[in-house]
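Notes to accompany the following structure.
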Amino acid sequence: MAAVTEATAKRFFSSPFFAVVGASSNPAKFGHKVHAWYLNHDLPVTAINPASKTVTVNDEDYPTVPDVKSLPKPTETSVSIITHPGITLNVLKEAKSVGIPAIWLQPGTFDKEVLDFALADGTFEAVVYGEGGRGSEGWCVLVDGGKALKDAGKL
Numbered sequence: 001m002a003a004v005t006e007a008t009a010k011r012f013f014s015s016p017f018f019a020v021v022g023a024s025s026n027p028a029k030f031g032h033k034v035h036a037w038y039l040n041h042d043l044p045v046t047a048i049n050p051a052s053k054t055v056t057v058n059d060e061d062y063p064t065v066p067d068v069k070s071l072p073k074p075t076e077t078s079v080s081i082i083t084h085p086g087i088t089l090n091v092l093k094e095a096k097s098v099g100i101p102a103i104w105l106q107p108g109t110f111d112k113e114v115l116d117f118a119l120a121d122g123t124f125e126a127v128v129y130g131e132g133g134r135g136s137e138g139w140c141v142l143v144d145g146g147k148a149l150k151d152a153g154k155l
């Protein structure tokens, strides 16, 4: 499997739009923390949550879409995924079908089957996942996103 590099993370942030699969209103959940991170960095982000029409961050409601297929510009949207590996695999299949260019698999969202699919030739232009980055858990938007944003010229 290919090693993730800072260039991979930079490519992820070169997209004009972003989405968070697993966005949540619950501040204790990583789906909330990652969605809030994008908002706090003034990035155009869409929350994806099939169970809720909105998610709340800092007392403000943000509309959601139910799935990756519902994104307005999927071929221009990089997607952060914060779901269980069984759900992640289905999200990736959907993402590939609509032309998502880059994905960021947060720690805990993938297993061998997910990575085999995500890293297959021609599936995505960039896949950020696994060991590396600056944190002890591996590549994480909350830890590594700032440098990658800067590298992409967005900070």
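Residues 1 to 155 (UniProt numbering) make up the sequence shown, in order.
Quick reminder that beta carbons are idealized off the backbone N, C-alpha and C, glycines included.
Euclidean distance between Cα positions of residue i and residue j
{"i": "residue 132", "j": "residue 9", "result": "11 Å"}
{"i": "residue 23", "j": "residue 143", "result": "18 Å"}
{"i": "residue 64", "j": "residue 37", "result": "16 Å"}
{"i": "residue 101", "j": "residue 29", "result": "26 Å"}
{"i": "residue 124", "j": "residue 104", "result": "11 Å"}
{"i": "residue 148", "j": "residue 11", "result": "8 Å"}
{"i": "residue 27", "j": "residue 62", "result": "14 Å"}
{"i": "residue 68", "j": "residue 90", "result": "10 Å"}
{"i": "residue 108", "j": "residue 86", "result": "11 Å"}
{"i": "residue 110", "j": "residue 60", "result": "30 Å"}
Three-state secondary structure (DSSP) of residue i
{"i": "residue 63", "result": "strand"}
{"i": "residue 123", "result": "coil"}
{"i": "residue 103", "result": "strand"}
{"i": "residue 148", "result": "helix"}
{"i": "residue 77", "result": "strand"}
{"i": "residue 12", "result": "helix"}
Nearest to residue i (by Cα), restricted to the options the options
{"i": "residue 18", "options": "83, 69, 98, 74", "result": "74"}
{"i": "residue 183", "options": "140, 81, 63, 150", "result": "Since the first residue shown for the chain is 1 and the last is 155, residue 183 is missing from the structure and cannot be characterised."}
{"i": "residue 152", "options": "108, 34, 47, 43", "result": "43"}
{"i": "residue 21", "options": "7, 60, 6, 52", "result": "52"}
{"i": "residue 130", "options": "147, 94, 81, 93", "result": "81"}
{"i": "residue 114", "options": "93, 72, 150, 134", "result": "93"}
{"i": "residue 95", "options": "122, 108, 111", "result": "122"}
{"i": "residue 45", "options": "58, 7, 88, 78", "result": "78"}
{"i": "residue 56", "options": "117, 35, 16, 112", "result": "35"}
Cβ-based burial, residue i [other Cβ within 10 Å; buried from 16]
{"i": "residue 120", "result": "exposed"}
{"i": "residue 155", "result": "exposed"}
{"i": "residue 49", "result": "buried"}
{"i": "residue 32", "result": "buried"}
{"i": "residue 99", "result": "exposed"}
{"i": "residue 138", "result": "buried"}
Boundaries (first-last residue) of the beta strand (DSSP E) holding residue i
{"i": "residue 4", "result": "From DSSP, residue 4 is part of no beta strand (DSSP E); its letter is neither H nor E."}
{"i": "residue 34", "result": "Looking at the DSSP string, residue 34 is not in any beta strand (DSSP E); the run it does join, the alpha helix (DSSP H), is 30 to 40."}
{"i": "residue 19", "result": "17 to 21"}
{"i": "residue 55", "result": "54 to 57"}
{"i": "residue 48", "result": "45 to 48"}
Where the alpha helix (DSSP H) through residue i begins and ends
{"i": "residue 159", "result": "There is simply no residue 159 to check, as the chain begins at 1 and stops at 155 in what is shown."}
{"i": "residue 114", "result": "112 to 118"}
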